[in-house]
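Accompanying notes for the structure given below.
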Amino acid sequence: MPLLSDDPSSCVSPSPPSRSKSMDWKVRGDMNRPLPVIAFFLGAALTAAFVFLGATLDVNWRFSEMAVWGNGARDEGKPYAELAELLKNASMEDNTVIVTSINQAYAAPGSLLDLFLESFRLGEGTARLLDHLLIVAVDPGALQTCRSVHRHCYLLRPDGGGGADLGAEKHFMTPEYLDMMWARNRFQLTILELGFNFLFTDIDILWFRNPMRHIAITSDIAIASDYFNGDPDSLLNLPNGGFLYVRSKNRTVEFYQRWRAARREFPAGTNEQHILAQVQAPLTGQLGVRMQFLDTANCGGFCQLSGDLRRVSTMHANCCTGLPNKVQDLQSVLRDWRNYTLAPRELRRRGGFGWTKPGRCIR
Numbered sequence: 000m001p002l003l004s005d006d007p008s009s010c011v012s013p014s015p016p017s018r019s020k021s022m023d024w025k026v027r028g029d030m031n032r033p034l035p036v037i038a039f040f041l042g043a044a045l046t047a048a049f050v051f052l053g054a055t056l057d058v059n060w061r062f063s064e065m066a067v068w069g070n071g072a073r074d075e076g077k078p079y080a081e082l083a084e085l086l087k088n089a090s091m092e093d094n095t096v097i098v099t100s101i102n103q104a105y106a107a108p109g110s111l112l113d114l115f116l117e118s119f120r121l122g123e124g125t126a127r128l129l130d131h132l133l134i135v136a137v138d139p140g141a142l143q144t145c146r147s148v149h150r151h152c153y154l155l156r157p158d159g160g161g162g163a164d165l166g167a168e169k170h171f172m173t174p175e176y177l178d179m180m181w182a183r184n185r186f187q188l189t190i191l192e193l194g195f196n197f198l199f200t201d202i203d204i205l206w207f208r209n210p211m212r213h214i215a216i217t218s219d220i221a222i223a224s225d226y227f228n229g230d231p232d233s234l235l236n237l238p239n240g241g242f243l244y245v246r247s248k249n250r251t252v253e254f255y256q257r258w259r260a261a262r263r264e265f266p267a268g269t270n271e272q273h274i275l276a277q278v279q280a281p282l283t284g285q286l287g288v289r290m291q292f293l294d295t296a297n298c299g300g301f302c303q304l305s306g307d308l309r310r311v312s313t314m315h316a317n318c319c320t321g322l323p324n325k326v327q328d329l330q331s332v333l334r335d336w337r338n339y340t341l342a343p344r345e346l347r348r349r350g351g352f353g354w355t356k357p358g359r360c361i362r
């Protein structure tokens, strides 16, 4: 018997003989009336779902890459499937993932990775954020180390499978360094295309408090600046891509695409950070992207040192070159933070705590 039959006896009891035909019509009509109402609300719900997906995922990616995933015969879809699964597992409720990148030199015992993870464990309320951290390794040795100390690890395979030694230290502004920076930029775009927000943090940044509380809910992009001019909306601030938050929206995906395309307009050897400083004003105006620059009192670094440990959330070893120099000064920073947290609460409230100076880079 069909679920909805034209036979009234299948849905309602036969009307007593004394009832009129008009009453019988009324009962049958009332039983059928919910169907168009249900259909209407079902259609509205499906429409809302597609609108939501359209707002959160890039249209081109959604129909091309999802088609690849649906066809297991195509190997090129597998890296994105693995990445999407890792991002999903590491993401917060709002689809935000904290991301950093390492190579074998940075992952060596006692090097930057150890200091980075230790800062999360020693920070105020930051240990739980490790559940939302994806560590991107650029060489197999770094991946092996990552998997021995952390849950969420991903191997970023170089384009074309080149033979460059990605595990060694990359010195600032060398061709290998620039290649790694632009590869990082492309990887960030991929995260946005997959529908995830990200907070990228260089591995030479120590986390002491949750910096996301300083990111405005209206900001599409929030980025650090080596020297903050006091105005978070001022596009005269020079960006530092080592600490960068981006919400996944169609306009931020296009922002990244145009940023990358602008590379052709600059001399070879120009890094992505310098190009961003040149194009951030026109791109934000054309695309309606709200860009926020973070106060160095909260998200600071060696360039413009935050002297108040009661406010600082992160500390970046910027304005500092050479891996040994970064490691030594960040070890001092971590030691100063330990001393601060072990002090009685009343002493911490009074302030007066600072960083050990001079160091190899800290002045």
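Under numbering that gives the first Met the number 0, read the sequence shown as residues 0 to 362, first letter to last.
We treat Cβ as the ideally placed atom computed from N, Cα and C, and that holds for glycine.
As the structure is a computational prediction, the values presented were derived from the model and not from experiment.
Taking Cβ positions, are residue i and residue j nearer each other than 9 angstroms?
i: Tyr255; j: Phe199; result: no
i: Leu128; j: Trp206; result: yes
i: Thr99; j: Asp178; result: no
i: Lys325; j: Asp203; result: yes
i: Met180; j: Gln272; result: yes
i: Leu341; j: Ser110; result: no
i: Leu155; j: Ala89; result: no
i: Trp354; j: Gly306; result: yes
i: Gln309; j: Arg348; result: Reading off the sequence shown, one finds Arg at residue 309, where the question assumed Gln. Yes. Within cutoff.
i: Asn270; j: Phe195; result: no
i: Val252; j: Glu175; result: no
i: Val433; j: Phe186; result: Past the edges of the chain, shown from 0 to 362, lies residue 433, and the structure says nothing about it.
i: Trp258; j: Asn184; result: yes
i: Asp230; j: Gly300; result: no
i: His213; j: Cys298; result: yes
i: Gly140; j: Ala106; result: yes
Going by DSSP, what residues sit across from residue i in a beta bridge?
i: Tyr153; result: Val135
i: Ile101; result: Ala136
i: Tyr244; result: Leu198, Ala221
i: His315; result: Ile204, Gly300
i: Gln143; result: DSSP lists no partner for Gln143.
i: Thr95; result: Asn196
i: Phe369; result: The question about residue 369 has no answer, for the chain in this structure spans 0 to 362.
i: Met380; result: Past the boundaries of the shown model lies residue 380; the chain is included only from 0 to 362, so the question cannot be answered.
i: Pro210; result: DSSP, once it has assigned bridges, lists no residue as partnering Pro210.
i: Pro238; result: Ser224
If we define contact as Cβ-Cβ less than 9 angstroms, is residue i a contact residue for chain C?
i: Ile361; result: In the structure shown, chain C cannot be found, because there is only a single protein chain.
Under the criterion of a Cβ to heavy atom distance below 8 angstroms, does residue i qualify as lining the ligand HEM?
i: Gly241; result: The ligand HEM is absent from the structure shown, which contains no ligands of any kind.
What are the boundary residues of the alpha helix (DSSP H) that residue i is part of?
i: Phe119; result: 111-121
i: Phe254; result: 249-260
i: Leu346; result: 344-349
Inset, instruction - Taking only runs that begin and end inside the segment 317-342, name each unbroken alpha helix (DSSP H) of 4 or more residues, in chain order. - result: You should have 322-341.
Inset, instruction - Take every Cβ of the segment 284-296, pair it with every Cβ of the segment 210-225, and state whether three or more of those distances are shorter than 8 angstroms. - result: yes
Inset, instruction - Check whether the segment 308-318 touches the segment 343-361, taking contact to mean three or more Cβ pairs, one atom from each stretch, closer than 8 angstroms. - result: yes
Legend entry - At least three beta-carbon pairs within less than 8 angstroms, the segment 104-123 to the segment 78-96: Contact between the segment 104-123 and the segment 78-96 is absent, because fewer than three Cβ pairs lie under 8 angstroms.
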